[in-house]
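Here is the structure we will look at.
Residue numbers (my numbering), protein chains in the order written: chain A, 2 to 554; chain B, 2 to 554.
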């Protein structure tokens with residue numbers, strides 16, 4: 002599994018999904034092409050999925066937000082008879098490297114979270130219409146929807162059979178959503194997660210596993226009715242024109258570098274690191290939202306978000322040995338603030354809202370990236386507003402202090418905007434500044450007084466916005482020594498440490514899925530009972546159950 | 002490491018701790034006997050610890066609560082020069098089986114939580130007086146205290162060097178307490194957890210790692226002053242007489258059964274299960290707290306808690322292949338309620354408070370036990386009040402319905418007491434009933450109307466208090482089939498599933514330590530970078546660093 006994975010898809014050539022647009026209600030059919038696996042060695046039978054299927058889903062979900070403002074309800078259903086979705090493909094999981102399995106689950110979780118949030122954030126609700134078997138990852142696809150309708154017949158059911166069947170956990174938030182979203186009673190959840198055949202009919206509703214159970218004769222009518230109800234409470238504009246997400250411009254160099262229009266990634270394999278440079282806007286901000294809309298995917302705020310998102314995903318999946326991501330920015334801080342301000346000043350505009358939400362997702366994607374994250378605040382940089390948020394997402398930051406010999410770029414500064422105080426909450430539902438100053442909440446209020454002010458190194462350190470500042474004499478050595486040392490540590494220990502230090506404060510369903518469920522799943526994904534030669538994943542389909550070491554840990 | 006581990010200690014023969022009593026302030030010296038390791042193969046140098054050291058600590062902490070009501074402040078310090086504590090012994094960790102490491106961390110975490118809660122719950126505060134190096138598990142011992150005083154000299158520091166030095170995480174809540182209790186800024190926490198040599202002097206206070214930094218000339222004075230301040234806010238009685246925790250009566254059979262006075266454990270190795278029967282009180286409740294005090298450790302409420310606690314620990318550490326714990330009770334429900342009521346009616350009495358708190362800890366110990374937990378509510382059982390709590394701690398429960406042929410015991414009932422609505426909160430700070438009915442909070446209020454009423458099977462099912470009820474015809478088969486099936490599942494998958502399903506609702510520092518930090522640590526404890534032949538734990542002390550696979554997962 003070493004081929005390079007790309008994350009952009011062309012809606013005209015989806016292999017696994019079919020989108021039917023019909024005014025305010027769209028229907029999204031999952032209809033997986035058995036022979037369309039991302040890798041060799043398995044067939045995607047029974048609407049089972051692999052990363053490739055999920056990348057297409059993420060693409061659909063994203064385009065629905067930007068290209069189809071008129072869509073208020075998405076009905077998710079199966080394009081196949083008798084099966085809704087059998088979940089993640091077992092043979093794929095059985096053959097995949099540990100790191101691929103973990104990254105696969107992380108990406109699918111991010112996609113679930115994205116459409117789960119669409120209703121509350123964008124007025125685009127997801128209804129799941131389940132006919133046929135809906136098992137494992139299939140039920141997890143459903144659980145992330147706002148409303149679940151199950152056909153009441155002999156073949157339709159919901160199930161999380163991972164534990165009894167495969168000796169792993171449901172890997173896409175299933176356990177957490179059963180207890181914390183659906184609030185299923187814990188002993189019933191225990192029963193539900195222990196039976197291969199799942200639950201159907203009235204019991205599925207009684208146990209809170211679905212919202213409606215309806216006979217086939219009333220199925221379509223109920224789906225249409227629920228869709229109309231959700232559409233009625235949506236604030237999404239009916240008459241707006243979408244923005245086409247045009248293909249990304251992306252050059253991949255032979256040395257592994259990736260160049261976009263606003264983002265540049267260079268790789269240093271010996272040093273175990275990638276450098277990511279984000280370039281600020283090179284023109285004025287659009288005059289108003291009409292002008293922004295006319296620029297569409299070319300508008301800096303949208304373009305930079307898309308390119309940065311793509312770069313992070315590329316590094317996660319394709320460059321697993323680069324344990325350090327070093328962020329740089331270059332450009333005019335005032336210009337960043339101006340481009341951002343247009344959107345915040347028009348936050349009631351659907352498109353402004355979508356672009357701000359997209360930045361929220363991209364920044365969360367950075368938070369969740371299991372690499373050591375570092376930001377360098379150099380002369381000529383533009384850590385302002387949305388880009389300053391990167392300083393609070395990384396594990397630590399270094400800032401240039403005073404003039405550097407032979408460097409005539411503007412002095413390094415950090416500039417806060419109103420956006421840093423609420424536009425891009427983390428998974429824990431706090432802003433990054435609130436998380437950062439959990440021990441001194443007054444500091445966040447104090448920082449509001451500095452909005453718009455370019456803060457040089459001494460002030461930024463004093464205010465706690467960066468970790469260290471160094472002058473021309475010390476900068477190069479200090480940064481180099483840190484990066485070399487960090488790159489020498491055990492990647493596993495760093496992953497665990499960073500996952501624990503980054504999310505102080507309250508927990509949410511999301512932090513629990515990434516912090517707790519994922520950690521347990523990663524552990525189980527290493528255990529011989531799941532992945533050993535006699536483990537359940539290897540033996541799946543052989544007619545033999547796993548041969549387990551029965552010691553409890 | 003197959004010797005049987007016991008959990009009771011005699012204070013007259015502690016090997017690693019020294020308790021100096023002096024009125025309301027006690028001083029607890031950690032003075033580990035290098036040659037007193039629980040197992041062969043390592044020396045406990047530099048006040049490093051193993052499970053044996055921690056079992057003694059748990060014993061001291063417990064006795065301080067019961068035997069020394071006059072102690073309002075415990076000053077924790079080192080009995081050695083130049084070192085406070087070097088943390089968990091690395092050679093022990095390097096040589097220990099995965100399951101032992103995990104159980105070791107769980108037990109030490111429970112001990113930390115116990116003395117961390119002592120201040121708020123019992124008015125017994127812990128002050129940590131740090132001279133010398135305080136590293137890793139040593140600093141975690143300190144972090145669980147209410148107040149940390151660090152000597153300001155060249156050799157005294159605090160450190161969490163696990164990641165750079167050992168390629169594992171601090172395993173006893175260190176990361177969580179740094180971010181969520183001490184609220185250290187996350188980038189400073191990142192720096193702190195990445196430097197082997199730790200932090201000392203003023204910076205330790207500036208970064209919120211300790212509360213006081215004082216020169217040696219003022220060290221004793223400051224310790225005494227802080228002790229006096231904490232003592233002044235304690236509500237613990239100065240004149241009360243303690244209750245001696247007399248040796249447990251405990252018979253171990255050749256077949257592995259363990260018989261206490263109120264608890265009986267039988268083992269079924271083929272079936273992979275242990276049966277735990279708790280016997281209700283055989284006499285009337287003491288008339289008042291004086292009478293209870295006179296009974297002391299013989300009082301049923303205290304005796305049953307101690308015996309059940311010991312039984313759970315025994316099964317966890319010594320019987321790792323028994324994946325199922327099946328709870329039974331036998332006795333008079335009214336008697337259980339009467340014994341419990343005396344304590345709740347006198348909750349302001351220090352001893353009543355301590356016994357109720359002990360049950361809270363024992364029930365939490367059950368919650369945290371990574372075995373499948375089942376309760377059988379049979380005829381003649383006494384699931385009332387504190388014992389009914391077991392029904393809400395287990396993964397699922399089965400209840401006998403109607404009369405059984407040839408069984409003339411009283412019909413199975415479940416009886417709630419006021420205690421079920423607040424006396425024994427879980428780690429998530431909700432009662433078990435609140436956790437159970439997260440989806441129907443009104444149900445908890447409704448249940449208050451049933452307090453004191455013996456509920457037979459149909460009512461108990463209807464009210465959601467048990468999972469299933471079966472009559473004479475189905476009972477045996479249903480229970481047998483379930484137990485056999487459960488015992489056939491992968492223990493790892495069950496551990497992960499149960500850890501996720503048991504703790505719905507809000508998260509606390511405690512659930513985060515057990516749910517998140519522990520899960521990451523377990524994962525890392527399996528990874529070659531830590532435990533492989535070239536991993537950091539194996540190479541420790543060889544002068545060679547670990548040879549790491551640099552792939553990030």
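For every residue, glycine included, the Cβ atom is placed at its ideal position computed from N, Cα and C.
Check	Outcome
Residue 21(B) in three-state terms, based on DSSP	strand
Chain B contact residues for residue 191(A), given Cβ-Cβ distances below 7 Å	396, 397 and 502
Candidates 261(B), 289(B), 327(B) and 348(B), of which the one nearest residue 306(B) by Cα	261(B)
Contacts around residue 9(B), its chain only, beta-carbon distance under 6 Å, and the 5 residues preceding and following it disregarded	249
Local conformation of residue 278(B) per DSSP, three classes	strand
Chain B contacts made by the region 252 to 265 of chain A, where a contact means CB separation under 7 Å	none
Selection from 84(A), 34(A), 92(A) and 183(A) that minimises the alpha carbon distance to residue 541(A)	92(A)
Which of helix, strand or coil DSSP assigns to residue 183(B)	coil
Start and end residues, alpha helix (DSSP H) containing residue 265(A)	Where residue 265(A) is concerned, there is no enclosing alpha helix (DSSP H), although the beta strand (DSSP E) it sits in stretches over 264 to 269.
Chain B contact residues for residue 194(A), given Cβ-Cβ distances below 8 Å	498 and 502
Rounded distance between the beta-carbons of residue 165(B) and residue 199(B), thought under 8 Å	About 11 Å; that fails the 8 Å criterion.
Proximity test, Cβ basis, 8 Å: residue 371(A) and chain B	yes
Pairwise C-alpha distance: residue 317(A) and residue 370(A)	7 Å
8 Å Cβ cutoff met for residue 25(B) and residue 236(B)	no
Secondary structure of residue 503(B), DSSP reduced to three states	coil
Residue 132(A), buried or exposed, once every other Cβ within 10 Å from all chains shown has been counted against 16	buried
Proximal residues of chain B, C-beta to C-beta of residue 365(A) below 7 Å	Within chain B, no residue comes near residue 365(A); the closest Cβ sits about 16 Å away, beyond 7 Å.
is_contact[residue 2(A), chain B] using C-beta, thresh 8 Å	Since pLDDT at residue 2(A) reaches only 44, below the 50 mark, its modelled position is unreliable, and the value read off the structure follows with that caveat. Residue 2(A) does not count as touching chain B.
Cβ shell of residue 552(B) (< 8 Å), same chain only, five flanking positions each side left out	none
Where the region 143 to 165 of chain B meets chain A: residues whose CB sits under 8 Å from a CB there	163, 164 and 165
Spatially closest choice to residue 34(B) from 51(B), 22(B) and 27(B), by CA coordinates	51(B)
Three-state secondary structure (DSSP) of residue 149(A)	strand
Residue span of the alpha helix (DSSP H) that contains residue 489(A), given as start and end	476 to 489
Rounded C-alpha distance that separates residue 386(B) from residue 13(B)	36 Å
For residue 15(B), three-class secondary structure by DSSP	coil
Span separating the alpha-carbon of residue 440(B) from that of residue 144(A)	16 Å
Nearest neighbour of residue 246(A), chosen from 275(A), 97(A), 172(A) and 308(A) [CA to CA]	308(A)
Cβ-based contacts, 7 Å cut-off: residues of the region 456 to 477 of chain B near chain A	465 and 468
Proximity test, Cβ basis, 8 Å: residue 273(A) and chain B	yes
Identity of the residues DSSP links to residue 325(A) by a beta bridge	274(A) and 373(A)
C-beta contact flag for residue 135(A) and residue 103(A) at 8 Å	no
Same chain only: Cβ atoms within 8 Å of residue 170(A), ignoring 5 sequence neighbours per side	163, 164, 176, 518, 521, 522 and 525
Under the three-state DSSP convention, the category residue 88(B) falls into	strand
CB contact check: residue 492(B) to chain A, cutoff 8 Å	yes
Neighbourhood of residue 2(B) by C-beta distance below 7 Å, restricted to the same chain and skipping five residues each side	Low confidence applies here, because residue 2(B) scores a pLDDT of 44, under 50, leaving its location unreliable; read the following figure in that light. Around residue 2(B): 40, 97, 98 and 101.
Inter-residue spacing [alpha-carbon to alpha-carbon] between residue 488(A) and residue 301(B)	58 Å
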